[in-house]
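Taking it in order: structure first as structure tokens, then the write-up.
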Amino acid sequence: MIGRRTDGTPIRRPLSPHLQVYDMAQMTSATSIAGRVTGVIWTVGLLILVWWLLAAAAGPRAYAAVSWFLSSWLGVLGLLGLTAAAWYHTLNGVRHLAYDAGFGFDIPTTYKSGRAVIIGTAVATILTWIIALTARA
């Protein structure tokens, strides 16, 4: 698309913004992209849940295989990542509910709420795993 600069000179502009337009170091861009990524991770988690439920319905051998995988180092790492994604997506969703209500649009509040989501995700993930590991014993 041909556009004009403020001084009137012509310039070629993209039809829609793309990755090169955004500064990934900004809190607003980073939290937005992370929200989308955690949504995809949630989808993978749903597939793992379906696999686990189908294995439970299929019998002891299938269930033992899924349990073995989920208790392996790779499975535990995946479940840890899924836990972090769940907390991030949830806390960021609450943040967006505030946006929907018209709150938190000024830059200082946006950065504070973004940091709160990131710190809250770390704390909630650690607490979730502490509770899960101590309740299991």
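Numbering follows this note's numbering, in which position 85 of the sequence shown is assigned residue number 85; successive positions increment by one, without gaps. Just so you know, even glycine gets a beta-carbon here, dropped at the ideal spot from N, CA and C. In this text the structure is predicted, and so the values were computed from the model without any measurement.
The segment 82-98 in contact with the segment 32-49 per 3-pair CB rule at 8 Å:
Three or more beta-carbon pairs separated by less than 8 Å link the segment 82-98 to the segment 32-49, which places the two stretches in contact.
Can we say the segment 34-53 touches the segment 68-86, given the rule of at least three CB pairs closer than 8 Å?
Result yes; three or more Cβ-Cβ pairs closer than 8 Å.
Would you give the residue range spanned by the alpha helix (DSSP H) that proline 108 belongs to?
DSSP places proline 108 in the uninterrupted alpha helix (DSSP H) bounded by 107-136.
How close, in whole Å, do the beta carbons of valine 44 and alanine 55 come, if the pair is a contact with beta carbons under 8 Å?
Not really, about 17 Å apart at Cβ, beyond 8 Å.
Between which two residues does the alpha helix (DSSP H) containing glycine 8 stretch?
Counting along the chain, glycine 8 falls outside any alpha helix (DSSP H), and DSSP gives it neither H nor E.
Taking the Cβ atom as the reference point for each residue, do methionine 27 and threonine 121 lie within a distance shorter than 8 Å?
Against a cut-off of 8 Å, the Cβ pair of threonine 121 and methionine 27 comes out as no contact.
In the structure shown, what three-state DSSP assignment does phenylalanine 69 receive?
DSSP places phenylalanine 69 in helix when its eight states are reduced to three.
Please list the segments of the alpha helix (DSSP H) lying wholly inside the segment 23-102, counting only runs of 4 or more residues, in order along the chain.
If only complete runs of 4 or more residues are kept, the segment 23-102 shows the alpha helix (DSSP H) at 27-58, 60-71, 73-100, in order along the chain.
So, under 8 Å CB-CB, isoleucine 2 and proline 10 are touching, yes? Tell me the CB distance rounded to an integer number of Å.
Between proline 10 and isoleucine 2 the Cβ distance is about 6 Å, and since that is below 8 Å, they are a contact.
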